[in-house]
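Asker:
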Amino acid sequence: MEKSRLIIVANRLPVTVSEENGAQPCSGGLVSAIDSYLDAGGKKRSDFDEVFWAGCPGCSPSVWQQHAHRLPKTNYEYIPAFVTQKDYEGYYNGFSNSTLWPLFHYFPSYVEYNDEHYEQYKAINWVFAETLLNYLRPGDTVWIHDYHLLPLAGLLRKAMPALTIGFFLHIPFPSFELFRLLPRPWQTELLEGMLGADLVGFHTIDYAAHFLQSVQSILGLDNHLHTVQYNDRLVKVDVFPISIDYEKFHSGYELPEVAERRKIIQSEFQDKKIMFSIDRLDYTKGIYNRLAGYELFLQKNPEYREKVVLVVVIIPSRDMIGKYVERKKMIDETISSINSRLGNLHWQPVIYRYNSISFEELIALYTCSHLALVTPLRDGMNLIAKEFVSSRKDHRGVLVLSEMAGAARELTEALSINPNDINEIAAAIGEGLEMSPEEQGQRLQAMQQRIAGYDVRTWANDFLHQLDAIKARQENYKVSFLDEYSGREIVSAYRAASKRLLLLDYDGTLVPFAPRPEDATPGPELMRLVEELCSDTRNDIYIISGRDAAFLNKWFGRFAINLIAEHGARVRLSDGGWISRAHHHYEWKGKLRQIMENYAKRCPLTFVEEKEYSVAWHFRNASQDQAKLRCAELLTEVNEFTRNLDLQVLMGNKVLEVRKHGINKGIPVRKMLSKGYDFILAAGDDETDEDVFKVLDGQPGCYTIKIGSSASYAAFNLSTPAMMIALLRRIGHVTRPLVTIE
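Whatever position you read off the sequence shown (first residue = 1), add 1 for my numbering.
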């Protein structure tokens, strides 16, 4: 039996190798998270016999070989991806950090659109793919991290379809209105790359929702409960707020070196309240606004002058990029201005350091501060906020936190501020400095409990558990054409049953699609077949269709058959009249029809169909290239219109439909299962029928059939409606010639 293996993939290895300095370990949020998870022997760690980490080593193959024997001992083996310096520069400082980073952090004016950088970005992702393919086996689990490697999952999936692939984005995913600023081919390629994963993870529900809207608007792919059907696979999109090693920071309070450093800092500022701020150099961190808010606080509250101090630590980062150099200069000048205008010989309002600090010094600063300022303009998560809260074993201190940080979704007891409002920052500083020790303790304990309950080990376990879960679901979502043996089994089961349920879709299942829906009428053979099946008293037959009640009634109303129209909105049982299961909403229908009619005018051979409970835009007959473009635009407009309405936007088989939310074919089917059927046959051809297949999954005596060659929750596939009709004739023993019913 082959060993199970986990391969972590990130832009850089957790070690940097150079000719001058040899092998040096790297720090960072991801390295800390993975190390904490593996050091703890997490649930998943015990399931993997081997763990690897793939990334760029920052050196040539020869230098790597020279120092390979001196690499630090870790929980994983290294897989170096060697790249050229020129391509790496365009991939990293170019596309990754001058295009994706500012766009995803809502700084569109900072974005550079450079074709050469994008080609270099793709080239480096190809290098990663080729490097990994030399190591990978089909049963391996690959966990890809962050925006540098958005195309990688798709590249690996094409080469090794059996891989288990997870992707986690550590930064925000922007709204569709921002993502669409990218050139259209880039949008498509990046999204398709991410959908090569089995599980796509984000920090917050907002980021996941933005991603799903982009997938729907650009690729035309709908989702059901955050699961997308793509290339005959299910891709799960879920939320996993990354965390920290809570115990490491909580127990760090009592480390002797921390206690000593804390004592020194408190002695130096013994008569002052200390505020603390630490960030990597970046324009997204809101450092300038934070300083402006602090200055405003001092101006509005002169009694605090010489009684407070703000310790600002900035860690150097990306100082080869122009925007970062500009930001460093602005921060330096602002701090100098505050100190010169408000300070004096005995007091500097801001103590400024521009370098990295040790873990012990960091904890000492966290734990002697009266207030921590974490005010990014936009941040995927921000672990500094969690570190500060976790370190306060003394239950003292106040966190001022930007509502634009992902951490704000969890740390709701912090003082929340809008980082663009310096008045709000100034007010929060005043509130925090005046907060009673009792209130500080209550807020901190609540946040600590939350972080301890979902620490970094839980985060990793959760992600890998959900990755296992979606792989298990994919086993039931497949293409499996009905063979002769299975066909005979269905016929035998039908004939042996005493109470049967037949659930049949109409378009694409009983009849082929037609250029216009009204042309897809049932022929004489189908009508005779329905009559024969209905004449058997052991059969309960339902036609469950997206068609309206008038159409179904016209063609099948004469039979003792149950009809379900508009995906479940209206029902007519064989022994009664039509019953409505949804309320009319003529206001939204009229507006949506108008929106869709505008697109029908702009896209030849498309048309709008208005039903009693839904409105649909059909594009089966149009040029598909043009229709795809218009469909993406229409999706955007429809999603905007339905945002606050109880409506569902559904992508069907070359049709975009809007209907009342909560209406689907699976709801009435679920109610039927209590009637004790010993044979059930369900057949359908598109997305709406998957609701039926999922409800019936695992039911005894049940057979589900998808018409078409795409993957499905159905147990079997048949290629065409004609093959479905042949199966129905076979099970019903309909062998005599069929004639027209007048």
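Ideal placement from N, C-alpha and C gives every residue a C-beta, glycine not left out. Just so you know, these numbers come straight off a predicted model, no measurement behind them.
Can you round the beta-carbon distance between Thr637 and Ser218 to whole angstroms, since I take them to be within the 8 Å contact cut?
Answerer: Counting from one through the sequence shown, the residue named residue 637 turns up at place 636. Counting from one through the sequence shown, the residue named residue 218 turns up at place 217. Rounded, the Cβ-Cβ distance is 5 Å, consistent with contact.
Asker: Between the stretch 145-156 and the stretch 6-14, do three or more beta carbon pairs fall short of 8 Å?
Answerer: yes
Asker: Quick one: what does DSSP say Met652 is sitting in, helix, strand or coil?
Answerer: As a working mapping, residue 652 is identified with position 651 in the sequence shown. Of the three classes helix, strand and coil, the one that applies to Met652 here is strand, per DSSP.
Asker: Out of Trp556, Gly702 and Asn665, which has the shortest C-alpha to C-alpha gap to Pro525?
Answerer: Numbered from 1 along the sequence shown, position 524 holds the residue referred to as residue 525. The option with the nearest alpha carbon to Pro525 is Trp556.
Asker: Would DSSP call Gln349 helix, strand or coil?
Answerer: What you label residue 349 is simply residue 348 of the sequence shown in a count that begins at 1. Gln349 falls in the coil class under three-state DSSP.
Asker: Return the CA-CA distance between Phe1 and His171, expressed in angstroms with no decimal places.
Answerer: The requested residue 1 does not occur in the structure, where the chain is confined to residues 2 to 743.
Asker: Where Gly43 and Asp36 are concerned, what is the direct C-alpha to C-alpha distance, given to the nearest angstrom?
Answerer: Stepping through the sequence shown from its first residue, residue 43 is reached at position 42. Stepping through the sequence shown from its first residue, residue 36 is reached at position 35. Low confidence applies here, because Gly43 scores a pLDDT of 44, under 50, leaving its location unreliable and the question unanswered by this model.
Asker: By a C-beta neighbour count over all protein chains shown, 10 Å radius and 16 as the cutoff for buried, is Arg517 buried or exposed?
Answerer: As a first step, residue 517 must be located in the sequence shown, where it is residue number 516. When all chains shown are included, Arg517 counts as exposed.
Asker: To the nearest angstrom, how far is the alpha carbon of His466 from that of Gly488?
Answerer: Here residue 466 is taken as the residue at index 465 of the sequence shown, counted from 1. Here residue 488 is taken as the residue at index 487 of the sequence shown, counted from 1. The straight-line gap from Cα to Cα measures roughly 37 Å.
Asker: Would the stretch 419-427 count as touching the stretch 442-459 if we require 3 or more Cβ pairs under 8 Å?
Answerer: no
Asker: How big is the Cα-Cα spacing for Ala293 and Asp207?
Answerer: The residue given as residue 293 occupies position 292 in the sequence shown. The residue given as residue 207 occupies position 206 in the sequence shown. Answer to the nearest angstrom: the Cα atoms are 29 Å apart.
Asker: Considering Cα atoms alone, identify which of Ser357, Ser338, Ala628 and His68 is closest to Thr17.
Answerer: On the sequence shown, residue 17 is found 16 positions in, with the first residue counted as 1. Comparing Cα positions, the closest option is His68.
Asker: If distances are taken between C-alpha atoms only, which option among Pro377, Lys308, Thr522 and Arg379 comes closest to His347?
Answerer: Reading the sequence shown from its first residue, position 346 is the one you call residue 347. The option with the nearest alpha carbon to His347 is Lys308.
Asker: Going by DSSP, what residue range makes up the beta strand (DSSP E) through Lys707?
Answerer: The residue you call residue 707 lines up with position 706 of the sequence shown. Where Lys707 is concerned, the enclosing beta strand (DSSP E) stretches over Cys703 to Ile708.
Asker: Could you tell me which of Lys301, Tyr289, Tyr495 and Ser536 sits nearest to Ile315, measuring between CA atoms?
Answerer: Along the sequence shown, read from residue 1 onward, the residue named residue 315 stands at position 314. Checked all of Lys301, Tyr289, Tyr495 and Ser536; the closest Cα to Ile315 is Tyr289.
Asker: Would you give the residue range spanned by the alpha helix (DSSP H) that Gln214 belongs to?
Answerer: Indexing the sequence shown from 1 puts residue 214 at position 213. Gln214 -> alpha helix (DSSP H) spans Ile206 to Leu220.
Asker: How would you write the range of the beta strand (DSSP E) that Val309 sits in, first residue to last?
Answerer: Against the sequence shown, residue 309 aligns to sequence position 308. That run of the beta strand (DSSP E) goes Val309 to Ile316.
Asker: Run the CB neighbour count on Leu226, radius 10 Å, all protein chains shown included, and call it buried at 16 or more, exposed below.
Answerer: Here residue 226 is taken as the residue at index 225 of the sequence shown, counted from 1. With fewer than 16 other Cβ atoms within 10 Å, it is exposed.
Asker: Run through DSSP, which three-state label would Cys60 get?
Answerer: Taking the first residue of the sequence shown as position 1, residue 60 is located at position 59. Three-state result, Cys60: coil.
Asker: Does the beta carbon of Tyr38 sit closer than 7 Å to a beta carbon anywhere in chain E?
Answerer: The structure shown contains no chain E, having only a single protein chain.
Asker: Short check: CB of His211 to CB of Ile275, under 7 Å?
Answerer: Counted from its first residue, the sequence shown places residue 211 at position 210. Counted from its first residue, the sequence shown places residue 275 at position 274. Result no, Cβ atoms of His211 and Ile275 do not sit closer than 7 Å.
Asker: Which runs of the beta strand (DSSP E) at least 3 residues long sit entirely within the stretch 359-399? Give them in chain order.
Answerer: Taking only runs of at least 3 residues, the beta strand (DSSP E) segments lying wholly in the stretch 359-399 are 372-375.
Asker: Among the candidates Asp549, Asn665, Gly677 and Ser720, whose CA atom is the shortest distance from the CA of Phe694?
Answerer: Along the sequence shown, one-based indexing puts residue 694 at 693. Of the listed residues, the one whose Cα sits closest to Phe694 is Asn665.
Asker: Do Ser575 and Ile562 count as a contact pair if the criterion is CB distance below 7 Å?
Answerer: The sequence position of residue 562 within the sequence shown is 561, counting from 1. The sequence position of residue 575 within the sequence shown is 574, counting from 1. Their beta carbons are under 7 Å apart, which means Ile562 touches Ser575 by this criterion.
Asker: So, at 6 Å on beta carbons, what are the nonlocal neighbours of Pro257 in its own chain, with the 5 sequence-adjacent residues on each side left out?
Answerer: Taking the first residue of the sequence shown as position 1, residue 257 is located at position 256. Answer for Pro257: no residue qualifies.
Asker: Does the count of Cβ pairs from the stretch 47-59 and the stretch 95-104 closer than 8 Å reach three?
Answerer: Taking 8 Å as the limit for Cβ pairs, the verdict is that the stretch 95-104 does not touch the stretch 47-59.
Asker: How about the stretch 472-491 and the stretch 709-720: do they share at least three Cβ pairs that are nearer than 8 Å?
Answerer: yes
Asker: Helix, strand or coil: how does DSSP classify Lys479 here?
Answerer: Position 478 of the sequence shown, counted from the first residue, corresponds to residue 479. Residue state, collapsed to three classes: strand.
Asker: What are the boundary residues of the alpha helix (DSSP H) that Pro186 is part of?
Answerer: Here residue 186 corresponds to residue number 185 of the sequence shown, with the count starting at 1. Unbroken alpha helix (DSSP H) run through Pro186: Arg185 to Met195.
Asker: Using a Cβ distance threshold of 8 Å, determine whether the stretch 450-463 contacts the stretch 323-342, with at least three qualifying pairs required.
Answerer: no
Asker: When you compare the stretch 639-647 with the stretch 536-546, are there three or more beta-carbon pairs, one atom per stretch, that lie closer than 8 Å?
Answerer: no
Asker: Can you pull the DSSP bridge partners for Arg573?
Answerer: Position 572 of the sequence shown, counted from the start, is the residue given in the question as residue 573. According to DSSP, Arg573 bridges with Leu564 and Trp579.
Asker: Grab me the residues of Tyr355's own chain with a C-beta within less than 6 Å of its C-beta, minus the 5 sequence neighbours each way, in chain order.
Answerer: Here residue 355 corresponds to residue number 354 of the sequence shown, with the count starting at 1. Excluding sequence neighbours, Tyr355 sits near Ile315.
Asker: So what does DSSP say about Leu534, is it helix, strand or coil?
Answerer: Here residue 534 refers to the residue found at position 533 of the sequence shown. Three-state result, Leu534: helix.
Asker: Answer with buried or exposed for Arg631, where buried requires no fewer than 16 other C-beta atoms within 10 angstroms of its C-beta.
Answerer: As a working mapping, residue 631 is identified with position 630 in the sequence shown. The residue in question, Arg631, is buried, as its Cβ has 16 or more Cβ neighbours within 10 Å.
Asker: Where do the ends of the alpha helix (DSSP H) carrying Arg342 lie?
Answerer: Working through the sequence shown from its first residue, we reach residue 342 at position 341. For Arg342, the uninterrupted alpha helix (DSSP H) segment begins and ends at Gly323 to Leu343.
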